[in-house]
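Below is one structure, written out as structure tokens, with a few remarks after it.
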Amino acid sequence: MRVLGIETSCDETAMCLIEAGGAFGPDFRFKILGNALSSQAALHTTYGGVFPNVAKREHAKALVPLLQKCLQQVGEKVPQQLSTPLDDDMIYHISAIVEREPELLAQLEPFLRTQSKPHIDAIAVTVGPGLGPCLWVGVNFARALSATWDVPIVAVNHLEGHVVMSMMDVRDPSSGKLAECRFPVIALLISGGHTELVLSKEFGTYELLGQTRDDAVGEAFDKVARLLGLPYPGGPEISRLSREARRSDEVTPHRIRLPRPMLHENNLDFSFSGLKTAVRRLVERRTPTDEEKKKIAREFEDAVADVLVEKTLRAVDTCSTNTLVVGGGVSANAEIRRRISIACQLSAVNCQLLIPPPEFATDNAIMIALAGYFRALKKEFADPTTIQACGNLPLA
Ligand code: KG4
Ligand code: ZN
């Protein structure tokens with residue numbers, strides 16, 4: 020089955036086409052036929068964060084070129100004359116679907132007039148969670164393609180996308196296989212919008228065990244980076260500074276101490292806004308030097324890692340599982356990966372860790388196509404006339 024994946028939930032516009040076959044399990048195989056991504060990070064750096072309506076417009080402008088790029092990679096000839104041109108009714112229909120995205124319509128209409136129907140069996144699109152205006156662009160784009168090419172749509176939960184991506188075999192990412200995965204599993208989802216611990220007893224079902232009570236961990240990384248005068252997105256910047264601090268540790272040992280929020284509370288919840296406030300107090304007291312910034316970044320990363328590791332391993336213990344799945348943009352963080360990996364090896368059950376390579380930890384369309392594929396196998400198609408984007412769509 021060929022699945023087109025579309026991701027527009029935040030500030031990455033991503034598109035891919037995969038070929039997949041087999042049910043969830045050892046027989047599953049997939050190949051990436053085309054893959055393209057356009058990041059808005061540089062644009063949002065000027066604002067210090069993501070503005071939904073700016074992001075929406077950028078998605079609208081990026082979608083058609085990304086689809087063209089994907090199809091070119093697949094070997095489809097672009098542009099190509101349609102054997103039967105779009106009739107006026109269809110053009111009217113498509114214009115109505117994307118009427119709120121004029122930048123998209125301007126490119127979509129000429130594209131659809133010249134592009135013959137590619138081999139696509141299903142269109143998987145992120146419907147949430149994420150930024151409402153951004154999600155709607157992707158959803159309406161999927162509806163327009165679905166109407167023109169008569170291909171069914173699968174509504175994908177972005178968080179399930181992260182979970183599925185983490186379950187791929189990373190020892191050989193080109194193998195296109197699933198890792199051996201023993202359910203039940205605990206999933207730790209750490210991204211710009213979420214910090215959740217979830218129990219999955221079988222693929223596709225989720226129970227929420229704990230979550231952040233305020234800021235998501237990625238959001239805390241981004242806000243602390245901003246306090247330190249670092250550009251958006253802050254996660255990779257904090258990580259870079261921390262690495263430098265760790266390197267120079269022997270020369271100038273670090274003495275900055277930040278809190279470990281909720282570490283000793285008997286639950287699986289998190290809180291990161293106090294940690295961010297503690298950093299704010301530090302920098303407000305005295306403008307930090309470059310060396311001090313590195314130390315703050317390092318201590319912040321340590322505090323986050325301490326809490327994440329402790330609560331996650333507690334969840335693994337409580338639920339008697341021996342597989343941990345970690346996903347979301349923050350799982351690209353080298354120190355957090357290292358600490359979670361050690362904790363899993365040292366755990367009483369020798370917990371198996373499934374974590375994507377850093378380049379697949381942040382948002383991409385492959386995770387959406389994969390999650391969509393498994394739903395499409397079960398014929399879980401959305402009604403294109405009633406499909407909705409939902410900014411706070413829960414996983415569990
Ligand atoms: O999953 P993702 O790409 O988008 C959302 O679904 O939110 O996650 C983005 C978040 C941002 O907050 C970004 O700062 C953080 O992931 N992030 C990192 C790293 N790379 C990305 N945080 C810490 N260390 C990193 N290396
Ligand atoms: Zn994400």
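For the sequence shown, position 261 matches number 280 in this note's numbering, and the numbering has no gaps at all.
Ideal placement from N, C-alpha and C gives every residue a C-beta, glycine not left out.
Asked: Indicate the three-state DSSP secondary structure (helix, strand or coil) for residue 240 in the structure shown.; Found: helix
Asked: Residue 410 and residue 381 - do their beta-carbons sit closer together than 8 Å?; Found: no
Asked: Can you look up residue 339 in the DSSP assignment and give me helix, strand or coil?; Found: coil
Asked: Report the three-state DSSP secondary structure of residue 406 (helix, strand or coil).; Found: coil
Asked: Counting only runs that start and end within the segment 303-358, where is the beta strand (DSSP E) found for 3 or more residues in a row?; Found: 342-346
Asked: Kindly indicate which three-state DSSP category residue 411 falls into: helix, strand or coil?; Found: coil
Asked: Let me know the secondary structure DSSP gives residue 76 once reduced to three states.; Found: helix
Asked: Specify the secondary structure class of residue 464 as computed by DSSP and reduced to three states.; Found: Residue 464 cannot be examined here, being either before or after the span of the chain that is shown, 20 to 415.
Asked: Whose C-alpha, out of 172, 375, 173, 83, is nearest the C-alpha of residue 130?; Found: 83
Asked: Are the Cβ atoms of residue 128 and residue 110 separated by less than 8 Å?; Found: yes
Asked: Give me the Cα-Cα distance between residue 135 and residue 302, rounded to the nearest whole angstrom.; Found: 57 Å
Asked: Please say whether residue 373 and residue 328 have beta carbons closer to each other than 8 Å?; Found: no
Asked: Please list the terminal residues of the continuous beta strand (DSSP E) segment that includes residue 219.; Found: 214-219
Asked: Taking the alpha carbon of residue 263 as the point to measure from, which residue in 315, 231, 292 has its own alpha carbon closest?; Found: 315
Asked: The alpha helix (DSSP H) spanning residue 207 covers which residue range?; Found: Per DSSP, residue 207 belongs to no alpha helix (DSSP H); it is in the beta strand (DSSP E), 204-209.
Asked: Residue 78: beta carbon under 7 Å from a heavy atom of the ligand ZN?; Found: no
Asked: If contacts are defined as beta-carbon pairs under 8 Å, then residue 295 and residue 242 qualify, I think. What distance do you get, rounded to the angstrom?; Found: 5 Å
Asked: If residue 324 and residue 358 are in contact, beta carbons under 8 Å, what's the gap, nearest whole angstrom?; Found: 5 Å
Asked: Looking at residue 166: is its Cβ nearer than 8 Å to the Cβ of residue 113?; Found: yes
Asked: Would you call the segment 330-339 and the segment 217-235 touching, i.e. three or more CB-CB distances under 8 Å?; Found: yes
Asked: Residue 51 to residue 35, Cα distance in whole Å?; Found: 7 Å
Asked: Output the distance between the C-alpha atoms of residue 173 and residue 217, rounded to the nearest integer angstrom.; Found: 23 Å
Asked: Taking just the CA atoms, how far does residue 60 sit from residue 159?; Found: 23 Å
Asked: Using the Cα positions of residue 221 and residue 28, report the straight-line distance between them to the nearest angstrom.; Found: 26 Å
Asked: Tell me the DSSP secondary structure of residue 176 in three-state form.; Found: strand
Asked: Given a threshold of 16 other Cβ atoms within 10 Å of its Cβ, counted over all protein chains shown, does residue 224 qualify as buried or as exposed?; Found: exposed
Asked: Who are the near neighbours of residue 180 in its chain, counting only those whose CB is closer than 6 Å to its CB and skipping five residues on each side?; Found: 386, 387, 390
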